[in-house]
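Asks:
2 protein chains.
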Amino acid sequence: MPESAYQDIRKLHLFSNMADEHFQSLMRGAYVQNFPPQIELITEGEPSDFLHVVLSGSIDLFSQWNGRDTSMATVRPVSTFILAATINNAPYLMSARTLEKSRIVLVPSQDVRAIFDIDGNFARSIVTELAQCYRAVVKTQKDLKLRTSLERLANYLLRQQRRAGGGTVFDLEFEKRRLASVLGMTPENLSRAFKGLQPYGVTVSGTRITIGDQADLEKFAKPSPLIDDFST
Amino acid sequence: MPESAYQDIRKLHLFSNMADEHFQSLMRGAYVQNFPPQIELITEGEPSDFLHVVLSGSIDLFSQWNGRDTSMATVRPVSTFILAATINNAPYLMSARTLEKSRIVLVPSQDVRAIFDIDGNFARSIVTELAQCYRAVVKTQKDLKLRTSLERLANYLLRQQRRAGGGTVFDLEFEKRRLASVLGMTPENLSRAFKGLQPYGVTVSGTRITIGDQADLEKFAKPSPLIDDFST
DNA sequence: GCGAGCTCTTGACAAATATCAAGCAAAATG
DNA sequence: CATTTTGCTTGATATTTGTCAAGAGCTCGC
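Protein chains in written order, with this note's numbering: chain P, 875 to 1106; chain L, 875 to 1106.
Here is the structure:
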């Protein structure tokens, strides 16, 4: 594995506080790979053999049941995914596929569990990471249960706007079909939802969004830090 | 705090592996209280001052936004709640209220964080607990996004049946109004959903459920361990 | 530069779900 | 024991959301 990748991984909260010796040990068994777009990296139900770390690109976590499927979350660099399954040595609950060309580190799960048992700092880092992941899912669930699809879209736009720097004009981060799935609706409905936000000053042109009247949209969306603020 | 309560708490996975000294230290700052039904123990948005442990009774975790509210989960003895907020020293994401007369232990959050920093075993236990909570929420989210309300009810009944011992006849664990909220629907719709399951052999009389044709209901519900098995 | 294959949009329609209002039944209360 | 309250159910209706089919607009590769 190239030295350069070491640095990026070491910088992750998850790995930044552990003993150097243990980090080296983890990395010895790990390997980096480049994947093309649309490759299914893991499949739900399978045993969790590797902890994954995204160095570049992006990953779609999704799930299927009875012929239906839904996007659960997007993983962006630099962060890990499927940490909970690795820790619990339990089967993956979600599948993962590359959205674009992606560079991924694969760390054998049993190595993670072994180091986790002997390195207190590493264990603490894992706790913090897991607690954050947990809180993120809780927020998503509140979003799903307490809001209509129009409200979910409005709040999503406000979040994405912030992530893009807060300007009036910004781009969607991925294709609308997937956005619809993330927000728990059909692509057709997403189209209509965008139209439904026009009265609040939202203009759409391809992937480009314009927030015409910030105050008006926020008055409708009623964003809450307890749902929309992913940093806390 | 009475000695008898110690034993119950000590038996929890979360506390069973830590050093006795640290456990004593945690308990010194903790106190036990009895609450009547329908008391709001914590409110979302407030700082997480205490880790809560339910010794008896049951707790409803719920959330509100824009005048609406929804039940997120039920906590039964003996287990903790609001662990993630305690660990991250972040505001509560959910409110909690007693459903019935309940006995609760309150452990100061800063004590938990302090012991967590010096006791590796405790830290590991917390990781396991958190990972389980995380996976539980992911399963709930899959249930919400991939299934219709009728399918959610059918699978809920199968889960509840199992929890109640697996017999053909069993009781609902709480009132229907709350069940509706847990399943993400209105009480009126829950009534209709029960009727919708009659063709599959489900009979309802008050809180008493009878599964007339197990195979038929399962064929419709299509339960999956990756959604409905809360042990993994 | 042009067609093939996409995604996205739109309209018409169907299904699912929510809302409102009323009535019923069981449980709590005096 | 009667009365009130509360939760549950039901029907009628409205709203939301999904489905199907068709067409518009893009992108990509040849």
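Here a beta-carbon is modelled for each residue, glycine too, at the ideal position from N, C-alpha and C.
Starting from Asp-943(P), trace the beta strand (DSSP E) in both directions and tell me its first and last residue.
Replies: Taken as a continuous stretch (DSSP letters only), the beta strand (DSSP E) holding Asp-943(P) covers 942-949.
Asks: Please list, in chain order, all residues of the same chain as Asp-1087(L) whose beta carbon is under 7 Å from its beta carbon, the five residues on each side excluded.
Replies: Within the same chain, Asp-1087(L) has close Cβ partners Tyr-1074, Gly-1075.
Asks: Quick check on DSSP: helix, strand or coil for Val-918(L)?
Replies: Going by the sequence as given, residue 918(L) is Glu instead of Val. Coil.
Asks: Tell me which residues of the stretch 989-1009 of chain P have at least one Cβ-Cβ distance to chain L shorter than 8 Å, keeping chain order.
Replies: If the cut-off is 8 Å between Cβ atoms, the stretch 989-1009 of chain P has Phe-990, Asp-991, Gly-994, Ala-997, Arg-998, Ile-1000, Val-1001, Thr-1002, Leu-1004, Ala-1005, Gln-1006, Cys-1007, Tyr-1008, Arg-1009 near chain L.
Asks: For Thr-1106(P), which residues of its own chain have a beta-carbon under 7 Å away from its beta-carbon, when the five flanking residues on both sides are left out?
Replies: Hits under 7 Å: Pro-1099.
Asks: On the three-state DSSP scale, how would you describe Pro-982(L)?
Replies: DSSP places Pro-982(L) in strand when its eight states are reduced to three.
Asks: With C-beta atoms as the reference, is Pro-981(P) less than 8 Å away from Ala-904(P)?
Replies: It should be noted that the sequence gives Val, not Pro, for residue 981(P). Result yes, Cβ atoms of Val-981(P) and Ala-904(P) sit closer than 8 Å.
Asks: Cβ of Arg-942(P) less than 8 Å from any chain L Cβ?
Replies: So, interface residue.
Asks: Quick one: measure Cβ to Cβ for Arg-977(L) and Val-906(L), integer angstroms, because I've assumed they're closer than 8 Å.
Replies: Arg-977(L) to Val-906(L), Cβ: 6 Å. Contact.
Asks: Could you tell me the distance, in whole angstroms, from the CA atom of Phe-889(L) to the CA atom of Gly-994(L)?
Replies: Looking at the two C-alpha atoms, the distance is approximately 12 Å.
Asks: Please confirm whether Thr-1106(L) has its beta-carbon closer than 8 Å to some beta-carbon of chain P.
Replies: Judged by the 8 Å Cβ criterion, Thr-1106(L) is in contact with chain P.
Asks: Taking Cβ-Cβ distances below 7 Å as the criterion, which residues of the stretch 915-947 of chain P are in contact with chain L?
Replies: The residues in question are Glu-918, Gly-919, Ser-937, Trp-939, Asn-940, Arg-942, Thr-944, Met-946.
Asks: Taking all protein chains shown into account, decide if Ala-958(P) is buried (16 or more other Cβ within 10 angstroms of its Cβ) or exposed.
Replies: With 16 or more Cβ atoms within 10 Å of its Cβ, Ala-958(P) is classed as buried.
Asks: To which residues of the same chain is Val-1056(L) closer than 6 Å at the C-beta, ignoring the five residues directly before and after it?
Replies: Once the five neighbours on either side are set aside, the close Cβ partners of Val-1056(L) are Ser-945.
Asks: Only counting runs of 4 or more residues, tell me where the alpha helix (DSSP H) segments fall wholly within the stretch 1046-1100 of chain P, in order along the chain.
Replies: Whole alpha helix (DSSP H) segments, 4+ residues: 1050-1056, 1061-1070, 1088-1095.
Asks: Interface residues of chain L around Lys-1013(P) at Cβ under 8 Å?
Replies: The answer, in chain order, is Leu-967.
Asks: Name, going along the chain, the residues of the stretch 956-983 of chain P whose beta-carbon falls closer than 8 Å to a beta-carbon of chain L.
Replies: Under the 8 Å Cβ criterion, the stretch 956-983 of chain P contributes Leu-957, Ala-958, Ala-959, Ile-961, Asn-962, Ala-964, Pro-965, Leu-967, Met-968.
Asks: Mind checking which residues open and close the beta strand (DSSP E) that includes Asp-993(L)?
Replies: No beta strand (DSSP E) contains Asp-993(L), which DSSP labels as neither H nor E.
Asks: Of the residues Ser-983(L), Phe-1094(L), Thr-1014(L), which one's Cα is nearest the Cα of Ile-956(L)?
Replies: Comparing Cα positions, the closest option is Ser-983(L).
Asks: Going straight from the alpha carbon of Tyr-880(L) to that of Ala-1038(L), what length do you get?
Replies: One C-alpha to the other measures close to 28 Å.
Asks: Along the alpha helix (DSSP H) that carries Phe-897(P), what are the first and last residues, could you check?
Replies: Element bounds for Phe-897(P): 894-903.
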